[in-house]
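Student: Just dropping this structure here.
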Amino acid sequence: MKDIRQIIRNRRLVMDGALGTQLESVVDKHPLWSGAAILTNPDLVEQVHREYLNSGADMIVTATYQLSQSILRRHTELNDRQIEGIWETAIDIAVRAIDNRDNVFVIGSIGPYSASLGSGAEYRNVEAVSNEFLQQYHTPLFQYLSNNDKVDVIGMETVSTLQEFTVFHEMKHIKPYYISITSNNCVTLIDGTPISHVVSYVKEKSDEWFIGLGINCTEYTLISEIIKNINLPLILYPNLGYVAEGEKVKPKEKDDKEWVRNVSDWLRNENVRVIGGCCGTTPLEIKQISDVINVRI
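Position in the sequence shown counted from 1, then plus 79, gives you our numbering.
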């Protein structure tokens, strides 16, 4: 395991982009999302990881976002030992893709509980559950990633409630981690909690392993406004935004100049330490991020 903490202080890193966007033909509408490809087409997942690495990514996210023990029990007939084997496969795919490149980090991805409910539940308010329920839900994958030396960082992603943020934060951390929030405006989490409250919580409670506050699955045009008053290390990987198309939604058409302008704007904030992409992004967007960061070095 490589310790990212000093490196991230000294230089900015590039995260990869969406897996699901690249794997859409394989996993479309599957309840396991990109995780389904771990079961059916692992070579394709490795290929996508390599495409992001070739585009300049320094951080590769495992395809475990939608692979909690609970979800896999519900949608497969795997037992707990076999489920751990799936997690190991996802990690090994990322490691093989890296192929001895120096200073490339494996991020073990954990999605929010609401992602298990389907239909984009992480982007709207859902029925409350207890802290104990959330801890039990997340513990199996969290512990597996924590104890796996091939995983350098744990990323707890698309967190839409202060409750789940605090549950993640209070888990027993033994390696670098970040918690990434999502917002559909510039002010609050999906549950209505002011982002400023999250920042205050982190400042009061953060420990030696916490490397930054993430913001993901938030439209990239909102990011500059969200981060302007946040003085924490930031890990930004927004999406491209969505437009309705009948009963479906699809990523907005991206304006390359606008994307690059926004990336450059974020980098004016010294506390922005990592930039990547979420839904809708591809190796092209990651290459553009890498180019902007390298120009500023």
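Glycine is no exception: its CB is placed at the ideal position from the N, C-alpha and C atoms.
Predicted model only: the values in this text are computed from it and were never measured.
Determine the contact status of Ile372 and Arg84, defining contact as a CB-CB distance below 7 Å.
Tutor: Translated into the one-based positions of the sequence shown, residue 372 becomes position 293. Translated into the one-based positions of the sequence shown, residue 84 becomes position 5. No, the Cβ-Cβ distance between Ile372 and Arg84 is not below 7 Å.
Student: Put Arg91 into one of helix, strand or coil per three-state DSSP.
Tutor: The residue given as residue 91 occupies position 12 in the sequence shown. Reduced to three states, the DSSP call for Arg91 is coil.
Student: With a threshold of 8 Å, are at least 3 pairs of Cβ atoms found where one atom belongs to the stretch 210–229 and the other to the stretch 263–281?
Tutor: No: the two stretches stay apart, fewer than three of their Cβ pairs being nearer than 8 Å.
Student: Mind checking which residues open and close the beta strand (DSSP E) that includes Pro317?
Tutor: Walking along the sequence shown from the start, residue 317 turns up at place 238. Start and end: 313–318.
Student: Between which two residues does the alpha helix (DSSP H) carrying Val281 extend?
Tutor: Residue numbering aside, residue 281 sits at position 202 when the sequence shown is read from its first letter. That run of the alpha helix (DSSP H) goes 274–284.
Student: Could you tell me the boundaries of the alpha helix (DSSP H) in which Ile368 lies?
Tutor: Taking the sequence shown and counting its residues from 1, one reaches residue 368 at position 289. Its alpha helix (DSSP H) spans residues 362–375.
Student: Helix, strand or coil: how does DSSP classify Pro121 here?
Tutor: Here residue 121 refers to the residue found at position 42 when the sequence shown is read from its first residue. In this structure, Pro121 counts as helix in the three-state DSSP scheme.
Student: Under 7 Å Cβ to Cβ from Asn350, same chain only, skipping five residues before and after it: list those, please.
Tutor: In the sequence shown, residue 350 corresponds to position 271, counting from 1. If we look at Asn350 and ignore the five residues flanking it on each side, its Cβ neighbours are Asn310, Leu311, Pro312, Leu313.
Student: Please state the DSSP three-state secondary structure of Pro191.
Tutor: Here residue 191 corresponds to residue number 112 of the sequence shown, with the count starting at 1. In this structure, Pro191 counts as coil in the three-state DSSP scheme.
Student: Can you name, in chain order, every residue of its own chain whose Cβ lies under 8 Å from the Cβ of Glu337, other than the five neighbours on each side?
Tutor: As a first step, residue 337 is located in the sequence shown; it is residue number 258 there, counting from the start. If we look at Glu337 and ignore the five residues flanking it on each side, its Cβ neighbours are Thr300.
Student: Is the beta carbon of Gly135 less than 7 Å from the beta carbon of Ile186?
Tutor: Within the sequence shown, the letter at position 56 stands for residue 135. Within the sequence shown, the letter at position 107 stands for residue 186. No. Outside cutoff.
Student: In whole angstroms, give me the CA-to-CA distance for Val322 and Glu298.
Tutor: Along the sequence shown, one-based indexing puts residue 322 at 243. Along the sequence shown, one-based indexing puts residue 298 at 219. Spanning the two alpha carbons is a distance of roughly 11 Å.
Student: Could you pull the start and end residues of the alpha helix (DSSP H) that Leu301 belongs to?
Tutor: Within the sequence shown, numbered from 1, the residue matching residue 301 stands at position 222. From DSSP, Leu301 is part of no alpha helix (DSSP H); its letter is neither H nor E.
Student: Hey, how far is the Cα of Ala194 from the Cα of Ser188?
Tutor: Within the sequence shown, residue 194 is the residue found at index 115, counting from 1. Within the sequence shown, residue 188 is the residue found at index 109, counting from 1. In a straight line, the C-alpha of Ala194 is about 13 Å away from that of Ser188.
Student: What is the DSSP secondary structure of Val185, counted as helix, strand or coil?
Tutor: Position 106 of the sequence shown, counted from the first residue, corresponds to residue 185. Correct three-state label for Val185: strand.
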